[in-house]
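Read the structure below first, then the notes.
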Amino acid sequence: MRGDSGPNERDATERDDRDSPTDERSSEGTPSDDATVSFRELLDGSDADAPAAADGADERPADETPAATDTNRDEEPAILERTDATDDLVPATGSDRDVLPVPASAEINPARSDVDLTAPAYYLNRELSELAFQRRVLHEALDGDNPLLERVRFLAIVTTNLDEFFRKRIGGLKQQIAAGVTEETPDGRTPDEQWAAALETARPLFERQAACYREEIRPALADAGIHIADYDDLSAVERQQLREYFESSVLPTLTPLTFDPAHPFPFISNQSLSLAVLTRERPGEEVTFSRVKIPRNQMRFVQLGDDTRYVLLEDVVRANLELLFPDVEIVDTALFRVTRNAEVRRDEEVAEDLIEMIEEVIEERRFATAVRLEIERDAPEAVREILTRELGLDEREVFHLDGPLDYRDFADLTDLDRPDLKLPAWSPQPHPRLGRCEDATNVFDAISDGDVLVHHPYHSFEGTVQRFLEAAANDPDVLAIKAAIYRTASDSQIIESLLEAARNGKQVAVMVELKARFDEENNLAWAKKLEEAGIHVAYGTIGYKTHTKTSLVVREEDDGVRLYSHVGTGNYHSETAKQYEDLGLLTADQDIGQDLVRLFNYFTGHSMCRDYRRLLIAPGNMRDRFVDLIRAEAEHARNGEDAHIVAKMNRLEDPAIVRELYEASMAGVDIDLIVRDICRLRPGLEGVSDTIDVYSVVGRFLEHSRLFYFRAGGDERYYIGSADWMTRNLDNRVEAIAPIDESRLRQRLDEILETLLSDDRNRWVMRSDGTYERCQPAADGSSTNVHETRMRSVLAETRRDTRR
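Residue numbering for the sequence shown follows the working numbering, beginning at 661 and increasing consecutively.
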């Protein structure tokens, strides 16, 4: 990256990672970390001849905190803190293979044969790394520096994330166990070992989340005038009002389902909140179990009058059960919640109709195996025994919790008109190259003048990507539009633009991925609507999941047909584009356009092209190209040249890529990895990964972009696209990565990376044991927040453009 790169910027995201039982470590001697050094200095200031352990690794045991930066980042250290708010979240398992077969010598020798880089000790476990990421998310709810309703938002996010983890990952492990699979993962665990370790590691997360609400957030809400009242604390008048509300609005929607010799055990739907009720007709008789589902289509927070005082719906139902069960004794009650497996798989090769197959998968999820039971801590033993037995659950899958179950609905509180309890509102801005939607700027002329790099949520999705497709739909010179849709909004204007294009006589082809998990129903509905409009629709590719975020516009111009392309890191989804950080390239590069022509021909045809002019495409040339780039850096380092890799992604899981990075580090390559959540690689291992630093950024916006930099002997290579360094992305999905060539755009990417690597508000530094330290602002109070910096930068651009 160039020495004249732009000013530092700041950005933030969410989450915390810990895999080992050594969480409760002192933070003394934690690594120094420069909060102000420029990314250009990181690239050009390194000493290629210095030993890889110059940051002090040769004096540090392998399980201590690795240096956060190299020796050139020593100007003004950022403070690193142990995440004290979650220090009690210590996994009870000690099976993280801490004995590392690393030679004592730190001398780098690329030809060394005494290190077996396939040894399980060099790899962290995927499931435990994911749970560690959720700790970093939970830290945002625990962090008293965050506005109160922002903390509430993260409390809800933790529930949503862990629900998905249990449905997908725990559910998949249970399937493997049931099938008798004993194959070990790269870190040396069988499915049964992973399942047990993940359940034990997750347990303190749930307990800390409940304690956070009970001890911190609920009292803070009350102090702010937002009261979530206990039913027992209500006045007689308030109870009567709620009883009338229950009888008129709630009771008619309830259906008690009894379990006795005349009634089978009731079906309990996935993630629904339920009330178990034990009743008997006469004293001394056996109790009868009934299940009452708390309706999801009713407001969870029942407002008391016009005040900001609320009672939870489940408390209203419980307090008025005699109206639902008249003439019997209500012996006891307990709230509970069941999570079911989402891993319902079908063989695509034998499916006659992919749409019918997906519809069957959606239906079967409703009845899938239970993978978790959450239940009130003081629940009667009889209720717990019935639920555990009838749902076929192991005791380890039962989570006894205090406080409310299911915090997803608590996100509704963030809609309250209380700006004093929220972060300052952010409105995505128009891109300076494209102007506002109402401007007369011709999108295609702007792209022809030079590539456009868009950065969401700082740049408006509606004013950039959506506008690109809207303009194409209504431009009389456009001949054809092609797009790959992985996830999109339920009221997607992108889809409406494609429908408009078809009505205007354009040739339109759309790849709709029906296998986008949890978005299948939405995508099915859009696919059918597109087909009804006469649009060519492909429903995915056999054996692969299409994950590319690409679109192509074919336009007739004076000098012939020209191709305009969009290659992005995020979905064509207007709502997530307001919360997810993503990058996108709008370009008139004809080679990239021709590569997309080949890719879309694969979607609608049947033959996969393996050779591309500019793009990195999986499962075509992407893996080999990334390996070549990493190995080239290693060769530069062996030749005594500066060698540097910076890679930003959501997840780093592929064992082969991890080995390549280890080998590059052993050759002396300086490697900075910005990995939001799962990371199998262990940084800072003496003689193996001394020169690798791993960071995670967690904050206001979800870091979602994939961005790759290779110094390449000074020629420098920049790429953005849809793929993480995961086996599924490189081998089992259709992905697209685009090169960034123009110096203006490269400078902007430099600025983004500079800010990420200097952030001391949202950045976490990874230890070699998989735990993380959170960076803290400098002692003088100065601070760098990547999200705030980017917002300020884009606002300044908008003001300059307005003045012009």
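Think of the CB as a built atom: it goes at the ideal place given N, C-alpha and C, for glycine as much as any other residue.
Spatial neighbours of residue i in its chain, beta-carbon cut-off 7 angstroms, leaving aside the 5 residues before and after
| i | result |
| --- | --- |
| A1132 | V1138, I1141, A1161, V1213 |
| G1373 | H1296, E1301 |
| D852 | I837 |
| L1405 | D1111, L1113 |
| E1034 | F996, R997, F1059, L1061, L1065 |
| D920 | T948 |
| V1454 | Q1089, Y1118, H1119 |
| A1042 | L938, V947 |
Own chain, CB closer than 8 angstroms to residue i, minus 5 neighbours either side, in chain order
| i | result |
| --- | --- |
| Q1250 | R1222, L1223 |
| G831 | R1000, N1001, A1002, E1003, A1028, T1029, V1031 |
| S909 | Q958 |
| L914 | V952, K953, P955, V977, L984 |
Beta-carbon contacts of residue i that lie in its chain and below 6 angstroms, excluding the five residues immediately before and after
| i | result |
| --- | --- |
| A1039 | A994 |
| D992 | L938, P1040 |
| H887 | R969 |
| P1279 | D1391 |
| T809 | According to the sequence displayed, residue 809 carries Leu and not Thr. Same-chain partners within the cutoff: T1074, L1081, K1082. |
| A1187 | V1172, V1197 |
| Q1167 | A1140 |
| E701 | The predicted model places E701 with a pLDDT of 43, which falls under 50 and marks its position as unreliable, so this point remains unresolved. |
| L1276 | M1282, R1285, I1397 |
| F1121 | S1234, A1237 |
| E867 | none |
| D965 | Residue 965 is actually Gly in this sequence, not Asp. For G965, where only same-chain residues beyond five positions count, there are no Cβ hits under 6 angstroms. |
| G1228 | K1209, G1244 |
Beta-carbon proximity check, residue i vs residue j, cutoff 8 angstroms
| i | j | result |
| --- | --- | --- |
| Y1232 | P1117 | no |
| E978 | Y1432 | In the sequence as displayed, the identity of residue 978 is Arg instead of Glu. No, the Cβ-Cβ distance between R978 and Y1432 is not below 8 angstroms. |
| F1059 | R863 | yes |
| T1247 | S1267 | no |
| A1193 | V1170 | no |
| R1421 | N1389 | no |
| E1363 | H1207 | no |
| R1360 | T1074 | no |
| E1293 | V1329 | yes |
| A871 | L791 | no |
| L1409 | I1334 | no |
| L973 | I954 | yes |
| P1092 | E1457 | yes |
| I1046 | F949 | yes |
| R956 | S932 | yes |
| R1324 | R1298 | Checking the sequence, you will find Ala at residue 1324 rather than Arg. Result no, Cβ atoms of A1324 and R1298 do not sit closer than 8 angstroms. |
| Y1355 | Y1369 | no |
| D1288 | R1273 | no |
| R960 | I877 | no |
| L1158 | I1202 | no |
| L802 | G1430 | no |
For residue j and residue i, believed in contact at Cβ under 8 angstroms, the rounded distance
| i | j | result |
| --- | --- | --- |
| R1311 | M1386 | 5 angstroms |
| M1282 | D1384 | Actually they are not in contact, since the Cβ atoms of M1282 and D1384 sit about 11 angstroms apart, beyond 8 angstroms. |
| L1259 | L1113 | Contact flag wrong, Cβ pair sits at about 21 angstroms. |
| A1085 | L1094 | Contact doesn't hold; Cβ gap of about 23 angstroms is too wide. |
| L815 | Y873 | 6 angstroms |
| L1129 | S1234 | Contact flag wrong, Cβ pair sits at about 12 angstroms. |
| I1380 | L1243 | 5 angstroms |
| L865 | L798 | 6 angstroms |
| V1306 | D1332 | 5 angstroms |
| R1096 | P1090 | 5 angstroms |
| Q854 | T845 | 7 angstroms |
| L902 | V976 | 5 angstroms |
| Y1146 | K1209 | 7 angstroms |
| R1342 | S1443 | 29 angstroms between Cβ atoms; not a contact. |
Check your understanding: So does the segment 773-788 actually touch the segment 1046-1063, counting three or more Cβ pairs closer than 8 angstroms?
Key -> no
Point to revise | In chain order, each alpha helix (DSSP H) run of at least 4 residues that lies wholly inside the segment 1132-1167 | key: The qualifying runs are 1153-1163.
Practice item. Starting from the N-terminal side, write out each stretch of the beta strand (DSSP E) that is 3 residues or longer and does not extend beyond the segment 867-951. Key: 917-919, 933-940
Check your understanding: In the segment 1285-1352, which residue ranges form an unbroken alpha helix (DSSP H) of at least 4 residues, counting only runs that do not cross its ends?
Key -> 1315-1327
Review point. Taking only runs of the beta strand (DSSP E) that begin and end inside the segment 959-1011, which ones reach a length of at least 3 residues, in chain order?
Key: 961-963, 969-972, 989-1000
Point to revise | Runs of beta strand (DSSP E) wholly within the segment 1414-1451 (minimum 3 residues, chain order) | key: Counting only runs of 3 or more, we get 1423-1426, 1432-1436.
Point to revise | Start-end ranges of the beta strand (DSSP E) lying completely within the segment 1047-1096, minimum 3 residues | key: 1058-1061
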